[in-house]
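Working notes for the structure below.
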Amino acid sequence: MKLICALFLFSLLFSSTYALDFCVGDVKGPESPTGYLCKPSAKVTVDDFVFTGLGIAGNTSNIIKAAVTPAFSAQLPDLNGLGISIGRLEIAMGANTVYLQTLKKGDVMIFPQGLLHFQLNAGGTPAIAYVSFSDPSPGLQILDFALFANNLSSALVETTTFLDDAQVKKLKSVLGGTG
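For the sequence shown, the residue numbers in mature numbering (1 follows the signal peptide of the UniProt record, and there is no 0) are -19 to -1, 1 to 160.
Shown next, in the form of structure tokens:
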């Protein structure tokens, strides 16, 4: 029995498990596919567990009439290792015209991971959405900027969008692209 207890205690000393109660990300260091390295416990503060930015209105007076306030692992280091994050999306009135399902306050809509989608405020007051992600540092790509705020040749963009040269060049000039 003593031998079994000794072997058990010995195995605990040399366990290859790196499980921690928590791992606040050290956002000053590099981010890897598994997140940030853990901040030393002695340097963890209550501020690592709190983010107050979701209550602050974003600037929607831009070309896309929208603002995103991320609360990802870079802004809220305690999300490190949890595989989740949250954000605030604001859409100004009259951002575009579209025909789709109208959501009411409290409704939930799910967008599958990787599915191209868009949001539009078709109402008469500002719209706010709180979004959650299954990743602590999710990517965000705005299609308009991805297509037209770059230095890809206009001919290539024309081929992929079915727009003519004048339309592509106009959109590139509005969004800061060249080529």
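Virtual Cβ for every residue (Gly too), placed ideally from N, Cα, C.
Item, Value
"Same chain, Cβ closer than 8 Å to P58, neighbours up to 5 away in sequence not counted", "V5, G6, D7, V8, Y17, K20 and D29"
"Proximal residues to V66 (C-beta, below 8 Å), its chain only, five neighbours per side dropped", "Reading the sequence as shown, one finds Ser at residue 66 and not Val. Contacts found: P51, A52, F53, S54, L57, L60, S113, F114, D116, P117, S118 and P119."
"Enclosing alpha helix (DSSP H) for V138 [first to last residue]", "S135 to T142"
"DSSP-derived helix/strand/coil call for L97", "coil"
"S42 to A73 span [Cα, whole Å]", "8 Å"
"Local Cβ density within 10 Å of K40, reported as buried at 16 or more and exposed below that", "Residue identity differs from the one stated: residue 40 is Asn in this sequence, not Lys. Classification of N40: exposed, given that the 10 Å Cβ count is below 16."
"Residue from T141, L121 and A108 with nearest C-alpha to G87", "A108"
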